[in-house]
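Trainee: Here it is, the structure in full.
2 protein chains.
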Amino acid sequence: MTKQPKYHQVADVLRRDVVGGTYPPGARLPSESELQERFVASRNTVRAGLKLLASEGLISSSQGLGYEVRKHEVFELNASRFENLTFPQNGDAFSTDVTNAGRRPHQTFRVELAPASEYIAQRLKVAVGDTSVLRFCHRFVDDVPWSTQATQYPEWLVTKAPRLTEPGDIAEGTTRYMTGLGIEQIGYYDEIATRMPTPDEARLLEIGAGVPVLLWTRTGYSQERPIRCTVTTFRGDLNRMNYEIGDLSARTESEPQ
Amino acid sequence: MTKQPKYHQVADVLRRDVVGGTYPPGARLPSESELQERFVASRNTVRAGLKLLASEGLISSSQGLGYEVRKHEVFELNASRFENLTFPQNGDAFSTDVTNAGRRPHQTFRVELAPASEYIAQRLKVAVGDTSVLRFCHRFVDDVPWSTQATQYPEWLVTKAPRLTEPGDIAEGTTRYMTGLGIEQIGYYDEIATRMPTPDEARLLEIGAGVPVLLWTRTGYSQERPIRCTVTTFRGDLNRMNYEIGDLSARTESEPQ
DNA sequence: CACATCAGCTTGTACCAACAAGTTGAGCAG
DNA sequence: CTGCTCAACTTGTTGGTACAAGCTGATGTG
């Protein structure tokens, strides 16, 4: 056991208190000056310890109020059912899922023409900088920012599906709209990654320190070629994804919660 | 545009330099004292700015060496093919995947009996605290810690598949071994989440500040009930997962990269 | 009672100083 | 030339001070 720096010890003790339940989720921690007395340390040292816990996502602080233990209520997203290839539901999946969970959904839309980034171009199989239709969506649950979603469609699709450039939501859902036009999405390729948010993402999703984002990229394919690429950015502390693959009849009989 | 704190400005300028390529991945940043002169700020202020960038995962620092720009080389894991239900490959999937990528895999095994946590118990449909077989695996790529994997099997399985309690690897792969005994995994339920690492995880995976972990839980099912639960913890900066769902014949013809 | 003010708490920012500890390369002893 | 020592760099830790800024409840005024 090598000697650890004092601010590290402060963090360790407080972490044990937090995970042990001494300070339950939502509770307020002692103030910095109280912790100075408790640990016989300078304010800087106590703050370093608290900052460590904040960067682990355990606590958050606000000026004038103090430090409090983060509470996590995760929202589960079933990615393999999200837009079922065989049974597309009516309307958009987000609103129905959230409403079913007894929460209040809210979303804002924005549509624009944007050049394809390298990331998008590679997936849509178009050239970098080519025009694409960008449908951007900012989603809230009970007025808390939840995720952003940016779907880009290749330019050649617009002639077949002109309503894609319409501002605002497409009532019956874009997938269903396109299916009605004979543009059928018969498969998709999902990529999942995580990282810390960029300053822009942190602002949009109101993310504090110590909360990563979950990145979900879904590229949809027709028989011939990719027809859309959706990048969803989730707040990592509020979301979880799942996939159901194969026969899960043994699972569904007594669904936990 | 409200006035931003000075350490924030420091971070903004350096961030622009980093993402803009002034300091390419792997490059060393100017020392703290040089940055003090450049920004006309105290050492603490400069350090606060650098710490902000570190917590975003952009840079890392080491005592005596300085700050350097993080380089990301991600390893892609195909979760839907990882242990294909219809075509199980020989040996374990990790080693073959890594070797195919031209890298050198390495892994250590540990087997023990452990009580089921609430998380595990719920998924294996056993009581909390029930004995389970824990097969733990620590994986490296080119000697860099990559992921940890903990698979737990319910106790009732051991009578049917006694080799599960053997220490060390099971050469032909546990899935194939169990299939040979008539215990067939016909479906699985995947859950994906992200968060900052616990101190233990940070130590095992040698994770610095600003790097989240990607958590992948796979619960495997036979016709009747769950037969295993695997929790994999990835370094978020080095790994990405993907799922192929439906017909993707349009994708595979000219695979990018 | 309604409402504005303010004292007293909280955290946030910015500075200074000093020493510890890790790394590297110059330079000296053998 | 080899190998060791050490000075001079780097970041890490800990202490201090001062003031800014956000929040809350008590207080006093209309």
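Just so you know, the protein sequences line up as chains A and B, in that order.
So this note's numbering is basically just the index in the first sequence, starting at one, shifted up by 2.
So this note's numbering is basically just the index in the second sequence, starting at one, shifted up by 2.
Beta carbons: idealized from backbone N, C-alpha and C, even for Gly.
1) Would you say Pro90 of chain A faces chain B, with C-beta separation under 8 Å as the test?
2) Glu208 of chain A: buried (16+ other C-beta within 10 angstroms of its C-beta) or exposed?
3) Taking Cβ-Cβ distances shorter than 8 Å, what residues in chain A pair up with Thr196 of chain B?
4) Pull up the distance between the alpha-carbon of Leu54 of chain A and that of Ala13 of chain A, whole angstroms please.
5) Looking at Thr232 of chain A and Gln151 of chain A, is the spacing between their C-beta atoms short of 8 Å?
6) Would you tell me roughly how many angstroms separate the C-alpha atoms of Tyr155 of chain B and Arg165 of chain B, rounded to the nearest one?
7) Against chain B, with Cβ distances strictly below 8 Å, would Ser57 of chain A count as a contact?
8) Could you tell me which residues DSSP puts in a beta bridge with Thr232 of chain A?
9) Below 7 Å, is the gap between the Cβ of Ala103 of chain B and the nearest heavy atom of the ligand SAM?
10) Which residues mark the beginning and the end of the alpha helix (DSSP H) in which Glu78 of chain B is found?
11) Helix or strand or just coil, what does DSSP make of Ile122 of chain B?
12) Could I get the ranges of all uninterrupted alpha helix (DSSP H) runs contained in the stretch 14-51 of chain A, with 4 residues as the minimum, in chain order?
13) On the criterion of 16 or more Cβ atoms from any shown chain inside 10 Å, does Val21 of chain B qualify as buried, or is it exposed?
14) Below 8 Å, can you find three or more Cβ-Cβ pairs linking the stretch 190-210 of chain B to the stretch 96-114 of chain B?
15) Along the chain, where does the beta strand (DSSP E) that runs through Arg106 of chain A open and close?
16) Measure the C-alpha to C-alpha separation of Pro26 of chain B and Gly104 of chain B and round it to an integer number of angstroms.
17) Could you give the distance in angstroms between the alpha-carbon of Arg30 of chain A and the alpha-carbon of Gln6 of chain A?
18) Is it the case that the Cβ atoms of Arg72 of chain A and Gln109 of chain A are separated by a distance below 8 Å?
19) Determine the chain A residues that contact Asn244 of chain B at a beta-carbon separation under 8 Å, and present them in chain order.
20) Would you kindly check if the distance between the Cβ of Gln187 of chain B and the Cβ of Tyr223 of chain B is under 8 Å?
21) Can you list, in chain order, the residues of the stretch 68-83 of chain B whose Cβ is nearer than 7 Å to any Cβ on chain A?
22) With 8 Å set as the bound, which would you pick, yes or no: does the beta-carbon of Arg45 of chain B sit closer than that to a beta-carbon of chain A?
23) Does any C-beta atom of chain A lie closer than 8 Å to the C-beta of Tyr9 of chain B?
24) Please list, in chain order, the chain B residues whose beta carbon lies closer than 7 Å to that of Glu226 of chain A.
25) So, are the CB atoms of Thr153 of chain B and Val160 of chain B less than 8 Å apart?
26) Comparing C-alpha positions only, which one of A:Thr133, A:Pro107, A:Ser82 sits nearest to Arg1 of chain A?
27) Identify, in the order they occur along the chain, each residue of the same chain with its Cβ nearer than 8 Å to the Cβ of Arg106 of chain B, setting aside the five sequence neighbours on each side.
28) Compare the C-beta of Gly184 of chain B with all C-beta atoms of chain A and state if any pair is closer than 8 Å.
29) For a cutoff of 8 Å on Cβ pairs, would you count Gly104 of chain A as touching chain B?
30) For Arg227 of chain B and Pro147 of chain A, I'd like the C-alpha separation in whole angstroms.
31) Leaving out five residues on either side along the sequence, give the residues of the same chain with a beta carbon under 7 Å from the beta carbon of Arg18 of chain A.
32) For Phe96 of chain A, list the residues DSSP reports as bridge partners.
33) Can you give me the start and stop residues for the beta strand (DSSP E) that Arg197 of chain A sits inside?
34) Output the distance between the C-alpha atoms of Gly131 of chain B and Gln124 of chain B, rounded to the nearest integer angstrom.
35) Say whether chain B places a C-beta atom closer than 8 Å to the C-beta of Ser188 of chain A.
36) For Glu257 of chain A, would you say it is in contact with chain B, using Cβ-to-Cβ distances shorter than 8 Å as the test?
Mentor: So, to answer that:
1) Because the pLDDT of Pro90 of chain A is 45, which lies under 50, any placement of that residue in the model is unreliable, and the question is left without a value.
2) exposed
3) Within chain A, the residues near Thr196 of chain B are Thr196, Pro214, Val215, Leu216, Gly238.
4) 7 Å
5) A Cβ-Cβ contact shorter than 8 Å links Gln151 of chain A with Thr232 of chain A.
6) 12 Å
7) yes
8) BP columns for Thr232 of chain A point to A:Thr153, A:Arg220.
9) Here there are no bound small molecules, and the ligand SAM is not part of this structure.
10) From DSSP, Glu78 of chain B is part of no alpha helix (DSSP H) but of the beta strand (DSSP E) over 77-80.
11) helix
12) 34-41
13) exposed
14) They do not touch, by the three-pair rule.
15) Note, Arg106 of chain A: premise wrong, no beta strand (DSSP E); not H, not E.
16) 24 Å
17) 26 Å
18) no
19) Tyr191, Asp192, Glu193, Ile194
20) Going by C-beta atoms, Tyr223 of chain B is nearer than 8 Å to Gln187 of chain B.
21) Ser82
22) no
23) no
24) The contacting residues are Ala252.
25) no
26) The structure shown does not extend to residue 1 of chain A, since chain A is modelled only from 3 to 259, so the question has no answer here.
27) Val100, Val143, Asp144, Asp145, listed in sequence order.
28) It does not; no Cβ of chain A falls within 8 Å.
29) no
30) 38 Å
31) none
32) Phe96 of chain A pairs with nothing; no bridge assigned.
33) 189-197
34) 11 Å
35) Reading the sequence as shown, one finds Ile at residue 188 of chain A and not Ser. Yes, contact with chain B.
36) Summary for Glu257 of chain A: the model assigns pLDDT 48, below 50, so the residue's position carries little reliability; its value from the coordinates is reported in the next sentence. Not one chain B Cβ lies under 8 Å of Glu257 of chain A.
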